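Oh and the sequence shown: position 283 is 414 in my numbering, straight run, nothing missing.
Where is the CB? At the ideal position from N, CA and C, for every residue including glycine.
Note that the coordinates shown come from a computational prediction; the quantities given were computed from them, not determined experimentally.
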Amino acid sequence: MTLGMHPEPAAVIAHLSDTHLLAGGAPLAGVVDTEGHLRATAERLAVAAADADVIVVSGDVADLGEPEAYALAREILEPVAAGIGAPIVWTAGNHDERAPMRASLGLPGAPLDPLDSVLEVAGLRIVALDSSLPGWHHGGLDDGQAAWLAGALADPPPLGTVLVMHHPPLAYRGQLMRLLEFRDEALLAEAIGGADVRAILSGHLHINGSGTFAEIPVVLAGATSYADDLGGPPPAMHGIDATQSFNLIEVYADSIAHSVVPALPHPTRETISLQLAEQVIALDPETRADRFSRKPD
Numbered sequence: 132m133t134l135g136m137h138p139e140p141a142a143v144i145a146h147l148s149d150t151h152l153l154a155g156g157a158p159l160a161g162v163v164d165t166e167g168h169l170r171a172t173a174e175r176l177a178v179a180a181a182d183a184d185v186i187v188v189s190g191d192v193a194d195l196g197e198p199e200a201y202a203l204a205r206e207i208l209e210p211v212a213a214g215i216g217a218p219i220v221w222t223a224g225n226h227d228e229r230a231p232m233r234a235s236l237g238l239p240g241a242p243l244d245p246l247d248s249v250l251e252v253a254g255l256r257i258v259a260l261d262s263s264l265p266g267w268h269h270g271g272l273d274d275g276q277a278a279w280l281a282g283a284l285a286d287p288p289p290l291g292t293v294l295v296m297h298h299p300p301l302a303y304r305g306q307l308m309r310l311l312e313f314r315d316e317a318l319l320a321e322a323i324g325g326a327d328v329r330a331i332l333s334g335h336l337h338i339n340g341s342g343t344f345a346e347i348p349v350v351l352a353g354a355t356s357y358a359d360d361l362g363g364p365p366p367a368m369h370g371i372d373a374t375q376s377f378n379l380i381e382v383y384a385d386s387i388a389h390s391v392v393p394a395l396p397h398p399t400r401e402t403i404s405l406q407l408a409e410q411v412i413a414l415d416p417e418t419r420a421d422r423f424s425r426k427p428d
């Protein structure tokens, strides 16, 4: 049942990024408990994304490319995915290393090949594009990947395609991060031109953000590890152990919506109780609108 003018979404994506795990759960930079943050995220994911059709992790799964860090990511996220009944789509970021990531996560392909993949779920195609470049922190893709991508987009599924890539094809606000941008925008635009890509999901910047590329919405998930504070004085970069988040992407026949979900537990105030919410839902549509939407005289 839907309470508004829109139907329930045809597909739901839970989008996480930049977990930056270390072997043995070691704290990042000696201070950030990235393992603890991902475990807390997983608990909230199980509730907020209970209706998700797929879980997407858009890169920087490990901070140093350690096999043990990838194994830790599987240990934390796979039980949640199984409980929801949703597959996990992984793609690589600039901190990841292809061979250990592929081996530890059980991904197919030759050890050093790009971690590109295609999955169709609930009538929606998820294409993971590996924008990492071995030995570098900036992003890009080669002619072979561009040809592969164009081929993967050849036959449109009912709900179209969502492209997942670590480096967002956007202009970056942070000055130093512009050195680590995605550098093959023209090649990407040519590969997806005229195709059915409805959104691009990225990470990398450790902020929630959005923009457009080739007239396609680009949505950034904030990191589960730590956030970049753009409120600090530039050009220095300011990481904060706060405001971690993940996104929920709702795909409809003619639109896409995204919501930001706090990844960690926090003090809350119950603005509407469960009892009251259930009472409102049980009303007939006319009474429901009158009781819940009408302002008092």
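>> Is the beta carbon of Ala213 closer than 8 Å to that of Asp184?
In response: Here residue 184 refers to the residue found at position 53 when the sequence shown is read from its first residue. Here residue 213 refers to the residue found at position 82 when the sequence shown is read from its first residue. No, these two residues do not count as a Cβ contact at 8 Å.
> How should Val315 be labelled, buried or exposed, when 16 other C-beta atoms within 10 angstroms of its C-beta is the threshold for buried?
Replying inline: Working through the sequence shown from its first residue, we reach residue 315 at position 184. Strictly speaking, residue 315 in this sequence is Asp, with Val absent from that position. Buried, because 16 or more other Cβ atoms sit within 10 Å of the Cβ of Asp315.
>> Does Arg329 pass the burial test, meaning 16 or more other C-beta atoms within 10 Å, or should it be called exposed?
In response: As a first step, residue 329 must be located in the sequence shown, where it is residue number 198. Buried is the call here.
> Apart from the five residues just before and just after Ala388, which ones in its own chain have a Cβ nearer than 7 Å to its Cβ?
Replying inline: To locate residue 388, count along the sequence shown from 1; it is residue 257. Counting only Cβ-Cβ distances below 7 Å, and skipping sequence neighbours, we find Glu381.
> Roughly how many angstroms lie between the CA atoms of Val188 and His397, to the nearest whole one?
Replying inline: Taking the sequence shown and counting its residues from 1, one reaches residue 188 at position 57. Taking the sequence shown and counting its residues from 1, one reaches residue 397 at position 266. The alpha-carbon atoms of Val188 and His397 are separated by roughly 23 Å.
>> Under 8 Å, with one C-beta from each stretch per pair, do the segment 335–348 and the segment 298–308 reach the 3-pair mark?
In response: yes
>> If I measure Cβ to Cβ from Leu395 and keep anything under 8 Å in the same chain, skipping five residues before and after, which residues do I get?
In response: Translated into the one-based positions of the sequence shown, residue 395 becomes position 264. Listed in chain order, the non-local C-beta contacts of Leu395 below 8 Å within the same chain comprise His168, Ala171, Thr172, Arg175, Gln375, local neighbours out to five positions each way being set aside.
> Taking the alpha-carbon positions, what's the Gly495 to Val178 distance?
Replying inline: Because residue 495 is not part of the residues shown, which for the chain are 132 to 428, the question remains open.
> Quick one: complete alpha helix (DSSP H) runs, 4+ long, within the segment 287–328?
Replying inline: 316–323
>> When you compare the segment 202–217 with the segment 309–326, are there three or more beta-carbon pairs, one atom per stretch, that lie closer than 8 Å?
In response: no
> Between Ala253, Gln410, Leu280, Asp327, which lies nearest to Ile144 when the distance is taken from Cα to Cα?
Replying inline: In the sequence shown, counting from the first residue as 1, residue 144 sits at position 13. Answer by Cα proximity: Ala253.
> When the Cα atoms are used, what is the spatial distance from Ser341 to Val349?
Replying inline: The count along the sequence shown starts at 1 and reaches residue 341 at position 210. The count along the sequence shown starts at 1 and reaches residue 349 at position 218. Using only the alpha carbons, I get a separation of about 5 Å.
> Under three-state DSSP, which class holds Gly155?
Replying inline: Start at 1 with the first residue of the sequence shown, and residue 155 comes out as number 24. In the structure shown, Gly155 sits in a helix (DSSP, three-state: H, G or I).
> Exposed or buried, Thr133, counting other C-beta atoms within 10 Å across all chains shown (16 or more means buried)?
Replying inline: Against the sequence shown, residue 133 aligns to sequence position 2. The residue in question, Thr133, is exposed, as its Cβ has fewer than 16 Cβ neighbours within 10 Å.
> Quick one: Cα of Ser404 to Cα of Gln410, how far?
Replying inline: Position 273 of the sequence shown, counting from 1, holds the residue named residue 404. Position 279 of the sequence shown, counting from 1, holds the residue named residue 410. In a straight line, the C-alpha of Ser404 is about 10 Å away from that of Gln410.
> Sorted by chain position, which residues of the same chain lie with C-beta nearer than 6 Å to Arg309's C-beta, five sequence neighbours on each side aside?
Replying inline: Taking the first residue of the sequence shown as position 1, residue 309 is located at position 178. The answer, listed in chain order, is Tyr303.
> Buried or exposed: which applies to Asp227, given that a residue is buried once 16 or more other Cβ atoms fall within 10 Å of its Cβ?
Replying inline: What you label residue 227 is simply residue 96 of the sequence shown in a count that begins at 1. Buried: at least 16 other Cβ atoms inside 10 Å.
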